[in-house]
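J.: Numbered per UniProt numbering, the sequence shown finishes at 338, counting up by one with no gaps.
Ideal Cβ placement from N, Cα and C applies to all residues, glycine included.
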Amino acid sequence: MSVRRPIVTVIGPSGRDLVPFWGTTLLGVTITDQAGYESDEAVLRFTAPPFVPPAKGTRYTVSAGWARDALAMTGTYTVSRVRFVGDPERGEMMEAVCRAADFLDKMKASGSKHYDPKNGFGTAGKIFRALAAEAGVPAVIASEIDAIEIPYRLRWNQSLLDFATDLADEVGAIVKPQAGKFVVLARGDGKSGSGKALPQITIQHDPSYAWSVDIEERSSVERTEMAWFDAKAGRMRNEKAETGRKGGRSAGMHPQPSKEEARKGASARAQELSRFTGTASFEGPGRPEAVAGAPLKCSGFGETIDGIEWEAAGITHEIEPEDGWITTIEAQTREKAS
Numbered sequence: 001m002s003v004r005r006p007i008v009t010v011i012g013p014s015g016r017d018l019v020p021f022w023g024t025t026l027l028g029v030t031i032t033d034q035a036g037y038e039s040d041e042a043v044l045r046f047t048a049p050p051f052v053p054p055a056k057g058t059r060y061t062v063s064a065g066w067a068r069d070a071l072a073m074t075g076t077y078t079v080s081r082v083r084f085v086g087d088p089e090r091g092e093m094m095e096a097v098c099r100a101a102d103f104l105d106k107m108k109a110s111g112s113k114h115y116d117p118k119n120g121f122g123t124a125g126k127i128f129r130a131l132a133a134e135a136g137v138p139a140v141i142a143s144e145i146d147a148i149e150i151p152y153r154l155r156w157n158q159s160l161l162d163f164a165t166d167l168a169d170e171v172g173a174i175v176k177p178q179a180g181k182f183v184v185l186a187r188g189d190g191k192s193g194s195g196k197a198l199p200q201i202t203i204q205h206d207p208s209y210a211w212s213v214d215i216e217e218r219s220s221v222e223r224t225e226m227a228w229f230d231a232k233a234g235r236m237r238n239e240k241a242e243t244g245r246k247g248g249r250s251a252g253m254h255p256q257p258s259k260e261e262a263r264k265g266a267s268a269r270a271q272e273l274s275r276f277t278g279t280a281s282f283e284g285p286g287r288p289e290a291v292a293g294a295p296l297k298c299s300g301f302g303e304t305i306d307g308i309e310w311e312a313a314g315i316t317h318e319i320e321p322e323d324g325w326i327t328t329i330e331a332q333t334r335e336k337a338s
């Protein structure tokens, strides 16, 4: 039986596909797509010296597929570092490690700033856009996150990315450097930065590929509560959110600045408590359409696993032009709070 060979193109700074030039010196490509805060990554593996390593910042656009007329662009990456490795079985290699966000260094710079309506802020969207502008990139923000009221925030000797991550956690969002943009999405809604629903990934049981599922029950919490101070009434009030489970309550440790933030904080906490009750890993043939954050449906694994709503937390493509293409999907349970 002949080996099904994937097609990979790597467009370099000259605008030309470098794969034919590299030939057999290109051993393979590993592409990682994360749904969380980490930048996506591509690793180009070459035969060992005397191959000259690419300079830091060199830009590559990688596409892959099973047919040349149906290639999917995985992303544009810049060289972050180069490493050389040796293995008795696989021999010696050079790896060019590239990341999708060439502005990530700017996101790690520390600073301090007040964010309040008097200075032109007041919503989560305005704060996120200011952070993106500071990094020199455009922001793409989900509409349900954009309008959340944030009366005041202080960033004190904190990096852009850490501050943005903390704020995202509070309002039930995730931030991600992606394709030269600062993307802010609602956590667990299965949408892309443009607001379109991500296509569902279907995993059919196949004994030819490895898989594992780990299911763990969380402590039972029926609802979450977040306190806020009502200045007009002169008293503390609580905002509540249901988890959809049976059990006790979980109260926030610190009061929130406003009713809206308390409501959103309670909802985000409820959603967090209803997630991550299980993790899974599925290997299979190359899936160019698989995207991190997309809903995932299992079939043929049994009633328990098939009945769980899964979400793709991370996608890894291991592509070797001469030997094949394996896609590994790391999944987590996908349950949204009501």
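Determine which residues share a DSSP beta bridge with R155 and list them.
T.: Walking along the sequence shown from the start, residue 155 turns up at place 155. According to DSSP, R155 bridges with K113.
J.: DSSP puts Y60 in a beta bridge; with which residues?
T.: Residue mapping note: residue 60 aligns to position 60 of the sequence shown, counting from 1. According to DSSP, which records beta bridges pairwise, Y60 is partnered with Y77.
J.: Excluding the 5 residues preceding and the 5 following P199 in the sequence, name in chain order all residues of the same chain whose CB lies nearer than 7 angstroms to its CB.
T.: If you number the sequence shown from 1, residue 199 lands on position 199. Once the five neighbours on either side are set aside, the close Cβ partners of P199 are E289, A294.
J.: Grab the span of the alpha helix (DSSP H) containing R129 for me, first residue to last.
T.: As a working note, residue 129 is residue 129 in the sequence shown. Per DSSP, R129 belongs to the alpha helix (DSSP H) from 124 to 135.
J.: Using DSSP's beta-bridge definition, name the partner residues of K176.
T.: Taking the sequence shown and counting its residues from 1, the one referred to as residue 176 is at position 176. Answer is V183.
J.: Give the DSSP-derived three-state secondary structure of F301 in the structure shown.
T.: Taking the sequence shown and counting its residues from 1, the one referred to as residue 301 is at position 301. The answer is coil: DSSP assigns F301 none of H, G, I, E or B.
J.: Indicate whether I7 and H317 have their beta-carbon atoms separated by less than 8 angstroms.
T.: Counted from its first residue, the sequence shown places residue 7 at position 7. Counted from its first residue, the sequence shown places residue 317 at position 317. Taking 8 angstroms as the Cβ cut-off, I7 and H317 do not qualify as a contacting pair.
J.: With a CB to CB cut of under 7 angstroms and the five nearest residues on each side skipped, what residues in its chain are close to Q204?
T.: Here the question's residue 204 lines up with position 204 in the sequence shown. Cβ within range, chain order: S299, G300.
J.: Between G324, T304, R287, E303, which has its C-alpha nearest G314's C-alpha?
T.: Here residue 314 refers to the residue found at position 314 when the sequence shown is read from its first residue. Looking at the Cα atoms, R287 is the closest of the given residues.
J.: Would the beta-carbon of I319 fall within 8 angstroms of that of V29?
T.: Against the sequence shown, residue 319 aligns to sequence position 319. Against the sequence shown, residue 29 aligns to sequence position 29. Their beta carbons are under 8 angstroms apart, which means I319 touches V29 by this criterion.
J.: Which term fits Q332, buried or exposed, when burial requires 16 or more other beta carbons within 10 angstroms of its beta carbon?
T.: Residue 332 sits at position 332 when you count from the first residue of the sequence shown. Flag for Q332 reads buried.
J.: If you run the structure through DSSP and keep just helix, strand and coil, what is M1?
T.: Reading the sequence shown from its first residue, position 1 is the one you call residue 1. For M1, the predicted model reports a pLDDT of 39, less than 50, meaning its position is unreliable; a value from the coordinates is still stated below. It is coil, neither helix nor strand.
J.: Exposed or buried, S338, counting other C-beta atoms within 10 Å across all chains shown (16 or more means buried)?
T.: Residue mapping note: residue 338 aligns to position 338 of the sequence shown, counting from 1. Because S338 carries a pLDDT of 38, less than 50, the predicted location of this residue cannot be relied on, and the following value inherits that uncertainty. It is exposed - the Cβ of S338 has fewer than 16 other Cβ atoms within 10 Å.
J.: Going by DSSP, which residues form a beta bridge with W310?
T.: On the sequence shown, position 310 is the one that residue 310 refers to. Looking at the DSSP assignment, W310 forms a beta bridge with L296, T333.
J.: What do you reckon, are the CB atoms on A262 and W228 nearer than 8 angstroms?
T.: Counted from its first residue, the sequence shown places residue 262 at position 262. Counted from its first residue, the sequence shown places residue 228 at position 228. Yes, the pair counts as a contact, with Cβ atoms nearer than the cut-off.
J.: Just tell me which of S258, W310, E260, R249 has its CA closest to the CA of T277.
T.: As a working note, residue 277 is residue 277 in the sequence shown. Comparing Cα positions, the closest option is W310.
J.: When the Cα of L26 is compared with those of E89, E41, E95, T74, which residue comes out closest?
T.: One-based indexing of the sequence shown puts residue 26 at position 26. Comparing Cα-Cα distances from L26 to each of E89, E41, E95, T74, the minimum goes to E95.
J.: What are the residues that DSSP puts in a beta bridge with F21?
T.: Position 21 of the sequence shown, counting from 1, holds the residue named residue 21. BP columns for F21 are empty, so no partner.
J.: Which of helix, strand or coil does DSSP assign to S338?
T.: The count along the sequence shown starts at 1 and reaches residue 338 at position 338. In this predicted model, S338 has a pLDDT of only 38, less than 50, meaning its place in the structure is not dependable; the value taken from the coordinates is given anyway. Three-state result, S338: coil.
J.: Exposed or buried, W325, counting other C-beta atoms within 10 Å across all chains shown (16 or more means buried)?
T.: The count along the sequence shown starts at 1 and reaches residue 325 at position 325. Around the Cβ of W325, a 10 Å sphere holds 16 or more other Cβ atoms; the residue is buried.
J.: In whole angstroms, give me the CA-to-CA distance for I305 and P285.
T.: Stepping through the sequence shown from its first residue, residue 305 is reached at position 305. Stepping through the sequence shown from its first residue, residue 285 is reached at position 285. For I305 and P285, the distance between alpha carbons rounds to 20 angstroms.
J.: Pick out whichever of L44, V291, S80, K113 has its Cα sitting closest to the Cα of D105.
T.: Taking the first residue of the sequence shown as 1, we reach residue 105 at position 105. Among L44, V291, S80, K113, the Cα nearest to that of D105 belongs to S80.
J.: Taking all protein chains shown into account, do 16 or more other C-beta atoms lie within 10 angstroms of the C-beta of V85, making it buried, or fewer, making it exposed?
T.: For the purposes of this step, residue 85 is taken as the residue at position 85 of the sequence shown. Exposed, because fewer than 16 other Cβ atoms sit within 10 Å of the Cβ of V85.
J.: Taking just the CA atoms, how far does E222 sit from A55?
T.: Taking the first residue of the sequence shown as position 1, residue 55 is located at position 55. Taking the first residue of the sequence shown as position 1, residue 222 is located at position 222. About 54 angstroms.
J.: With DSSP as the reference, identify every bridge partner of G284, one or two as the case may be.
T.: Counted from its first residue, the sequence shown places residue 284 at position 284. DSSP lists T327 as the beta-bridge partner residues of G284.
J.: Can you list, in chain order, the residues of its chain with a C-beta nearer than 6 angstroms to that of V97? Leave out the 5 residues immediately preceding and following it.
T.: Indexing the sequence shown from 1 puts residue 97 at position 97. Around V97: V43, S80, R81.
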